[in-house]
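Peer 1: I have a structure I would like to understand better, so I am pasting it below and will then ask my questions one at a time.
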Amino acid sequence: MPQAALFLLIILLGSLFFNNSYSFLGGDLPQQYQQNSQLKLEHTSGIVKINSIPIEKQDQLKRYLIFGSGTSFDANSEIKNQIHTIESQTGFFSVGVISENKISKLQSQGFYVIEDFLVDLHSSDNSNDIAEISRIGAITGSEMVHQNYNLTGTGIKIAVIDTGVDFSNLDIRHSLARDKDNIPIMLDADGQGIILTNATFVANIDENGIIRNFTQSLPEDVTSKVYRTKKGVFLDLYQNGNGTILQIYNSFYPQAGFAPIFNGTLTDDMKIGTNNRDYIVSKSGIYHLGIMYQGALQGPFGQVQVVPVLVVDSVESGVYDTIIPDMSTSWEDYTRFDLPSGEKPNYDFDFTDETPIKLGSGNEFLIYDFDDDGKFDYSAGTIGAQVLDIYGVVQNKTSTIDPTLKAINGTLLPPMDPNGEFFGVMTDFVGHGTSSAASIISKGSQEYDIYNNTKKYTIRGVAPGAQIIPVKALWFGDIVYAWLWSSGFENNQNEWKFIGKSRADIISNSWGVSNFPSLGVAPGMDILSLILNMLVTPQSLDFHYPGVLMVTSAGNSGHGYGTLGLPTASTLAISVGATTNNVFVGYGSFKDQPRFGNTTEHSNNVVDFSSRGPGYIGDPKPDLMSIGAYSFTPSQVTKLEKDSTKDPFSLFGGTSMAAPLVSGSAALVMESLNKKFEEHDPLEIKNILMSTATDLYNDPFTQGAGLVNVFDAIKFVEQENGMFIVYNDATYSNIKDILDSSVERVNSTVFGIEQFQLPDKKIFLTSWFGGQLFPDDRSSATFTIENPSDEFIEISIKPQTIELIQKTQLQGTTEPQIQDPILNETGTFAPNYIRLSDVKEHETLASLYDESNPIPSEATLMVLNVNFPFETFMNKTDDIYANDLKISSLYLYDWNDKNDDNDVSSDELSMINRGGSWGTVQEIRITLPNEKFEHTPLVGIYPVPTRYSYWIGDTQQNSTSIDYTLSSSYYKKTKWDVIWTSSDSVTVPPKSSSEVTVTIIAPINSQTGVYQGFLTFEGDKHTANVPVSYVVKTKIEEKDSVVLIPGQSSDDVLYGHGYVKGAFDMVNRYMAGDWRQYYFDIEDPTINTAAIDISWESDDTNLSVFVIDPQGRIAQTNMPSGVFGQFLGWPSLDWLGTSPFSQGGGFFPVKNKDGNSTVLYVPINQTGTYGMLLHTTLFGGNSTTEPISIAAKFTTISHEQIPEIIEAPNFVHEETVTGQVEDEKLKDSSIDKETIDEQKISDQSFNIFIGILIGIVIGVAALIPLVIRKKKTLTKQ
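For the sequence shown, the working numbering puts the final residue at 1293, and the numbers step up evenly by one.
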């Protein structure tokens, strides 16, 4: 095998194990936490002797989701560990750990087997040297709420589903939610936090309480003894040189290690008393000992913590109630790598100088101050978590552990075993969950040296009075358990029962799943999204269930449309996109970098990476926006280096931050309503937040209702004059009509849920989804305008859309590695600068000197793009595909030429926004552009100075120039003619409401697709921007119907029809790129086949296509995953997997027809609406958009017939085709019989065979040999 092929094969297989928690920063931003960049796979310890836990063979044991008919008993013989199982009369659902070689046997028995996977965290974490205090309070409006209304979220519980939460920081510690007995409320659904303490040491205590040495043999069933000397009282671990073997729970399993329990040997005796009268008391005389073995395989805290823990019954004999950790010894072990060479850690192996911990005492925190300066330096988590015993490590224990526990696989363990055998701990070694929680509840009591000087600053969250319920759930298979438990359900054997009250009022989710094809369902129609809808909706799962507000991060896969993964595509939850906050400028990794400018003042523009809508069904998403790039949060106190003087805070970002900021805003609204004794449900809170959001003047699929403004939300609740909210009666029913078929296919009893349906009742929502219509159809809604104040409100109603009013362009060529006049150190470079006024075609000599304001006065949105050809982005002559990449990122500044020398220097720049993706088109957006500039608008195009490889990252090879096109598009809101209102204005009386009827009329010549706009309700003091969308679908009334959808050349970079925009990003995730939706309504039940041909212009563009059946399942794709999907979990054939440089946004141009078209044949087995998703995985880059043409024929075939295949003309033009269904048959076909024979439509088993065949033939033959461009070996990387 050629070296290049071998290299790529290793990378492809290795990519299966890369899964970082921190999203990469776009384009040229410094990658602080690249995958495994901080990995310290050091599993040894100076405290306990263990065998190294290997990771190189972990492909042998993996977590899988197994379900099917029959019972789990039928599959038990192949499952090594059942994590949790639900049985029903119709089948079972189980999560288990299985050897890979057992999968095919399970599948042959008819079971469905899907590899479980870690969810993606939607954060952009960064440097720990930070610029200035957070502007969270000012941007969200929470600062004014705290000051004016004294609302902080008190009494509201927020469950943070994440990597866990570390409460060691004093700004966070107060927020831990507790029950009526003051016991912490915490859940570890991933089962990482079990601490086994089943090693027992017996003491010989006389009737006077004096410890004596044993003079006779030890009792049975004890590990060792307690002895005393002149030096004190000790646990005998040395045991005459043999050491003591303890069982240790492996929190890394199954990612590392071959079992959830392994043995460790302790040889150092541990001190429990200073003398035989002064010692740690155990009423029974039996001391329990264990070892905490926790940590992470990635991130800033990616190493192991080993903590010896002593457990005693301090009050009642046999009832163990006190935990004593040896934190000083653990600290010495954790920091031993920082010691000078040859110096040994100063272990004391002494429990007597440690703080005892009792559940309910309020001091359950495992923290340590090593230098006695009053500031904690080290954290090992929080004791008292309920941990899901997913591997059944206590199942063989007798009932004496707890008579009611019945510890079996999947049992939720108590926070502490009264028999002293185990306890639970909550940790966060990744830091993501802690930052998510801190952005909500940071108290603002601690001071931080933000500027690395003597001045101190505080960091305050949105709702510092709220309580946090930390829920660790990183695995897909554990999410449902985490949600149901947080929502107030208890798992009783095979059923979930509502306990009468939700544990959390709000559930915040800063994660998602991008690789949706692996699940076989479209985002939003998948089981997670459906369950999310149910959890939001009152009475959906139980008659008494009140619903819980679910908040999800939109994801970081922008700037393309349709990039919402699951479950953020859920229709009823609040999905949150990200906006800018330039506080990072000038500090940490951004310090002394000319391209970031010299100020931090700008904020509140949409971030380029924020994921966009619409959802698959066509509903307007996201719902709200908040800060995502970037702000500050307190972090856990553990020092990355022993002598570090850095304060415990970090720069946090991504939609992972935006979601908890909205969760905190919701907590303030809930507290205000509670104080007024006003009942409310989750969807009412959503309506208030959306009705009071601040318009960002972007389209609905980018911004939803706008930037969350909790100050205005509270003003509504507090009934201040001029405030109002709006909601309609149609959205919920339109959504329900579409989702009901997907809900019906879910056998909820398999998951232990007896009732699973969206209730048949009126539910009011602010955003308006007009449903799925045919051309010339109508859809109406009644909007209610609610006025809580004492005054009349005059409101005008305006249907609006966003219209392109001007676009200018400039051709240019980059000059790499230009240095700044001031910041000119080696390796530091400045962008190429272009005045915005120069972004136009200069038709006259005078135009070269025209420096007038280039922004139209009526423009409310500016979109800047730079695009460059694919061949300049990727060196296609390289031996290895995607091994030589280069880009230029895009910046916009306000330039103050202080010295009037007409030369740009970095100290004169104020950055407004930036964008950088590893693709052929960059994009940034500016809200109200005429208000952003005090001086000269200046564009920066920054050539990334070196070239990168998809497989290994920076190649350290200098970049070269790029030919580019810079374009500036200007938009304004205009009347949307498709919406008619019963009245253009309405007067709403005080303490009352008024109604207005609004109707969508789909134009008769509409193409199939999704359409968007706003319904604006404008008063004197407040304006509500209601996102509106509707779907137009094509009716297929009879067989042999032909549909031709012409491509359209467009200068518009907003969401449109007949074209796609360039938005792929090779270092992002699977969802990155631009997506389009098409809908075909099959009315003839005899139709069983569709043949579809899709064409585009550029040979460098590539599309993957997914056809979705009426229940939301993927019926067909042109990129079947084949053998890669079967055995490696690959979502599609064209995917390159993850790498040290990429989170999985890379694709290979697999073709099944020719260079600029693709064909697929779809089995149709029912009537109803079939959707088609087009994903632009690669984009030619010769322009910002590219036309897409579609030709489809719907027919009936039998096994004796060969289907007649149609092909779109080489390029279908709008003026030649109407886009409507044609009755005539097209006789010309460019697809020969061999192609037809290879892709006949058949039953499911044949499709599986085809998938495997294509996976083997194309996957092995294309993904490896075809990336080798020349017949020569790879000599150097």
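Virtual Cβ for every residue (Gly too), placed ideally from N, Cα, C. What you are looking at is a predicted structure, and each value in this text was computed from that prediction instead of being measured.
In angstroms with no decimal places, state the Cα-to-Cα distance between Ile834 and Pro1147.
Peer 2: Translated into the one-based positions of the sequence shown, residue 834 becomes position 818. Translated into the one-based positions of the sequence shown, residue 1147 becomes position 1131. So the two alpha carbons sit approximately 41 Å from each other.
Peer 1: Could you check which residue in Asn848, Gln972, Thr824, Pro791 has the C-alpha nearest to that of Gln1049?
Peer 2: Working through the sequence shown from its first residue, we reach residue 1049 at position 1033. According to the sequence as given, residue 1049 is Lys; it is not Gln. Selected option, being the one with the closest Cα: Pro791.
Peer 1: In whole angstroms, give me the CA-to-CA distance for Trp996 and Gly956.
Peer 2: Your numbering for residue 996 matches position 980 in the sequence shown. Your numbering for residue 956 matches position 940 in the sequence shown. Those two C-alpha atoms are separated by around 43 Å.
Peer 1: Is the separation between the beta-carbon of Val410 and that of Gly207 shorter than 8 Å?
Peer 2: Position 394 of the sequence shown holds residue 410. Position 191 of the sequence shown holds residue 207. Not a contact, by the Cβ cut-off of 8 Å.
Peer 1: Output the boundary residues of the alpha helix (DSSP H) element that contains Leu699.
Peer 2: On the sequence shown, residue 699 is found 683 positions in, with the first residue counted as 1. It spans 698-707 - the alpha helix (DSSP H) in which Leu699 sits, taken as one unbroken run.
Peer 1: Going by other Cβ atoms of all chains shown within 10 Å of its Cβ, with 16 needed for buried, is Ser1214 buried or exposed?
Peer 2: For the purposes of this step, residue 1214 is taken as residue 1198 along the sequence shown, with counting starting at 1. Ser1214 should be labelled exposed.
Peer 1: Can we say the segment 768-783 touches the segment 674-692, given the rule of at least three CB pairs closer than 8 Å?
Peer 2: The answer is no - the segment 674-692 does not touch the segment 768-783, with fewer than three Cβ pairs under 8 Å.
Peer 1: Use the C-beta contact count for Ser37: other C-beta atoms within 10 angstroms, 16 or more gives buried, fewer gives exposed.
Peer 2: Along the sequence shown, one-based indexing puts residue 37 at 21. Note on Ser37: pLDDT 29, under 50, position unreliable in the model; the coordinate value appears next. Counting Cβ neighbours within 10 Å, Ser37 comes out buried, since at least 16 surround it.
Peer 1: Ser545 and Ile523 - do their beta-carbons sit closer together than 8 Å?
Peer 2: To locate residue 523, count along the sequence shown from 1; it is residue 507. To locate residue 545, count along the sequence shown from 1; it is residue 529. Result no, Cβ atoms of Ile523 and Ser545 do not sit closer than 8 Å.
Peer 1: Could you please give me the residues that DSSP links to Thr290 through a beta bridge?
Peer 2: On the sequence shown, residue 290 is found 274 positions in, with the first residue counted as 1. Note: Thr290 sits in no beta bridge, so no partner.
Peer 1: Is the distance from the Cβ of Val759 to the Cβ of Val724 below 8 Å?
Peer 2: By one-based count along the sequence shown, residue 759 stands at place 743. By one-based count along the sequence shown, residue 724 stands at place 708. Taking 8 Å as the Cβ cut-off, Val759 and Val724 do not qualify as a contacting pair.
Peer 1: Quick one: grab the DSSP three-state call for Glu348.
Peer 2: Here the question's residue 348 lines up with position 332 in the sequence shown. Looking at Glu348 - three-state DSSP - the assignment turns out to be helix.
Peer 1: In whole angstroms, what is the alpha-carbon distance linking Pro1136 and Glu924?
Peer 2: What you label residue 1136 is simply residue 1120 of the sequence shown in a count that begins at 1. What you label residue 924 is simply residue 908 of the sequence shown in a count that begins at 1. Their Cα atoms are separated by approximately 52 Å.
Peer 1: Determine the closest residue to Ser921 out of Thr718, Ala846, Asp854, Thr888, with distance taken between C-alpha atoms.
Peer 2: Taking the sequence shown and counting its residues from 1, one reaches residue 921 at position 905. Nearest of Thr718, Ala846, Asp854, Thr888 to Ser921, Cα basis: Ala846.
Peer 1: Run through the segment 160-187 for me and flag every whole beta strand (DSSP E) of 3 or more residues, listed as ranges in chain order.
Peer 2: Whole beta strand (DSSP E) segments, 3+ residues: 173-178.
Peer 1: With a Cβ-Cβ cutoff of 8 Å, do Ser985 and Leu820 count as a contact?
Peer 2: As a working mapping, residue 985 is identified with position 969 in the sequence shown. As a working mapping, residue 820 is identified with position 804 in the sequence shown. The answer is yes: Cβ separation under 8 Å.
Peer 1: Would you report the Cα separation of Ile968 and Asp900, rounded to the nearest angstrom?
Peer 2: Numbered from 1 along the sequence shown, position 952 holds the residue referred to as residue 968. Numbered from 1 along the sequence shown, position 884 holds the residue referred to as residue 900. Answer to the nearest angstrom: the Cα atoms are 10 Å apart.
Peer 1: Would you decide whether Lys247 is buried or exposed? Buried here means 16 or more other CB atoms lie within 10 Å of its CB.
Peer 2: Residue mapping note: residue 247 aligns to position 231 of the sequence shown, counting from 1. Lys247 comes out exposed.
Peer 1: Put Ser1214 into one of helix, strand or coil per three-state DSSP.
Peer 2: Looking up residue 1214 in the sequence shown gives position 1198. Reduced to three states, the DSSP call for Ser1214 is coil.
Peer 1: How would you label Phe559, buried or exposed, when you count the other beta carbons within 10 angstroms and need 16 or more for buried?
Peer 2: Indexing the sequence shown from 1 puts residue 559 at position 543. With fewer than 16 other Cβ atoms within 10 Å, it is exposed.
Peer 1: For the structure I just gave you, are there three or more beta carbon pairs, one from the segment 477-496 and one from the segment 449-464, closer than 8 Å?
Peer 2: In short, these stretches touch, since the Cβ pair count reaches three.
Peer 1: Is Val1047 helix, strand or coil when you go by DSSP?
Peer 2: For the purposes of this step, residue 1047 is taken as residue 1031 along the sequence shown, with counting starting at 1. Of the three classes helix, strand and coil, the one that applies to Val1047 here is strand, per DSSP.
Peer 1: Between Gly153 and the ligand ADP, is there a pair consisting of the residue's CB and a ligand heavy atom that are separated by less than 7 Å?
Peer 2: As presented, the structure is devoid of all ligands, the ligand ADP included, so that no description of it is given.
Peer 1: Starting from the Cα of Met1188, find the closest Cα among Phe1140, Phe1210, Ile399, Ile1130 and give me that residue.
Peer 2: Your numbering for residue 1188 matches position 1172 in the sequence shown. Comparing Cα positions, the closest option is Ile1130.
Peer 1: In the structure shown, what three-state DSSP assignment does His304 receive?
Peer 2: On the sequence shown, residue 304 is found 288 positions in, with the first residue counted as 1. It is a strand residue.
Peer 1: In whole angstroms, what separates the C-alpha of Thr844 from that of Ile188?
Peer 2: Along the sequence shown, read from residue 1 onward, the residue named residue 844 stands at position 828. Along the sequence shown, read from residue 1 onward, the residue named residue 188 stands at position 172. Roughly 38 Å between the two C-alpha positions.
Peer 1: Taking the continuous alpha helix (DSSP H) assigned at Ala1131, which residues delimit it?
Peer 2: Residue 1131 sits at position 1115 when you count from the first residue of the sequence shown. That residue, Ala1131, is in no alpha helix (DSSP H); its beta strand (DSSP E) goes 1130-1133.
Peer 1: Do Asp1100 and Phe886 have their CB atoms nearer than 8 Å?
Peer 2: Residue 1100 sits at position 1084 when you count from the first residue of the sequence shown. Residue 886 sits at position 870 when you count from the first residue of the sequence shown. For Asp1100 and Phe886, no; Cβs fall outside 8 Å.
Peer 1: In whole angstroms, what separates the C-alpha of Glu1238 from that of Lys948?
Peer 2: What you label residue 1238 is simply residue 1222 of the sequence shown in a count that begins at 1. What you label residue 948 is simply residue 932 of the sequence shown in a count that begins at 1. Confidence is the limiting factor: at Glu1238 the pLDDT is only 38, short of 50, which leaves the residue's position unreliable, though a coordinate-based value still follows. Using only the alpha carbons, I get a separation of about 51 Å.
Peer 1: CA-CA distance, Asp387 and Arg293?
Peer 2: Counting from 1 along the sequence shown, the entry for residue 387 is found at position 371. Counting from 1 along the sequence shown, the entry for residue 293 is found at position 277. Their backbone Cα atoms lie some 30 Å apart in a straight line.
Peer 1: Relative to the C-alpha of Lys65, which residue among Lys241, Trp992, Ile264, Glu159 is closest?
Peer 2: Taking the sequence shown and counting its residues from 1, the one referred to as residue 65 is at position 49. Ranking Lys241, Trp992, Ile264, Glu159 by Cα distance to Lys65 puts Ile264 first.
Peer 1: Can you give the Cα-Cα distance for Asn1181 and Arg628, rounded to whole angstroms?
Peer 2: Residue numbering aside, residue 1181 sits at position 1165 when the sequence shown is read from its first letter. Residue numbering aside, residue 628 sits at position 612 when the sequence shown is read from its first letter. Going by the C-alpha atoms only, they are around 32 Å apart.
Peer 1: Any idea which residues DSSP pairs Ile199 with across the strands?
Peer 2: One-based indexing of the sequence shown puts residue 199 at position 183. Partner(s): none; Ile199 has no beta bridge.
Peer 1: What does Ile1017 pair with, by DSSP beta-bridge criteria?
Peer 2: As a position in the sequence shown, residue 1017 is number 1001, starting the count at 1. Note: Ile1017 sits in a beta bridge opposite Arg794.
Peer 1: In three-state DSSP terms, what is Val1166?
Peer 2: Stepping through the sequence shown from its first residue, residue 1166 is reached at position 1150. Val1166: coil per DSSP, three-state reduction.
Peer 1: Could you give the first and the last residue of the continuous alpha helix (DSSP H) run that contains Ser455?
Peer 2: Sequence index remark: in the sequence shown, residue 455 carries index 439 (1-based). Element bounds for Ser455: 448-457.
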